[in-house]
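Please read the structure below before turning to the comments.
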Amino acid sequence: MSLGAHLRTRLLADGVVQGLIGDKIFPGINRIEVIPPMVIYQTASTEPTEDLSGEMGESFSTVQFNCFGDSYDKAVDIKTAIFRNLQNYSGLSHGVRIKEIRREGDFDADWDEDDQTFRRILVLRVTHTDR
41 MSLGAHLRTR LLADGVVQGL IGDKIFPGIN RIEVIPPMVI YQTASTEPTE
91 DLSGEMGESF STVQFNCFGD SYDKAVDIKT AIFRNLQNYS GLSHGVRIKE
141 IRREGDFDAD WDEDDQTFRR ILVLRVTHTD R
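If you're matching positions, the sequence shown starts at 41 in the numbering used here and goes up one per residue.
So, in structure tokens, the structure goes:
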């Protein structure tokens, strides 16, 4: 499967995350109507590596979580719950073995007056293999 499916499955199994957003974790960006609270995630980049024999080794992916809330505090709570769930995580699911997850950063996005939403962005660097 995919790295995104692996992360989504893990987050949906977390009671704190579910309590904040239910099952509203979606791949891609701007493909659906934003109705907070919710999360839209995307893989911003992937750097694959090969060993000397040409076999695929570890990949390093940057994954961005856009955490939408109807208040600033709600967006922060969602971001915090996702980070707490994924920090120090390693495991195998959907054919993807995650070896390490590190926070690259988190920051505020612009207030969207049309949607009346706040967005907090969490950026993670994931070391993984697809096997």
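A virtual CB, placed ideally from N, CA and C, is assigned to each residue, including glycine. For clarity, every value in this text was computed on a predicted model and none was experimentally measured.
Contact check between the stretch 43-56 and the stretch 124-132: three or more CB pairs, one atom from each, fall below 8 Å, which counts as touching.
Pairing Val-74 with Cys-107 gives a Cβ-Cβ distance that is not under 9 Å. The continuous alpha helix (DSSP H) containing Val-56 extends over residues 55-61.
Within the same chain, and ignoring the five residues on either side of Thr-86 in sequence, the residues whose Cβ sits closer than 6 Å to its Cβ are Ser-99 and Ser-101.
Sixteen is the threshold: since fewer than 16 other Cβ atoms of the shown chains lie within 10 Å of the Cβ of Arg-142, the residue is exposed. If you draw a straight line from the Cα of Gln-104 to the Cα of Asp-155, it is about 20 Å long. In the DSSP assignment, no residue is bridged to Asn-128.
Apart from sequence neighbours up to five positions away, no residue of its chain approaches Arg-50 with a beta-carbon distance below 6 Å. Close CB contacts of Asp-170 within its chain, under the 6 Å cut and outside five residues either way in sequence, are with Val-136 (chain order). In the DSSP assignment, Thr-157 falls outside any beta strand (DSSP E), carrying neither H nor E.
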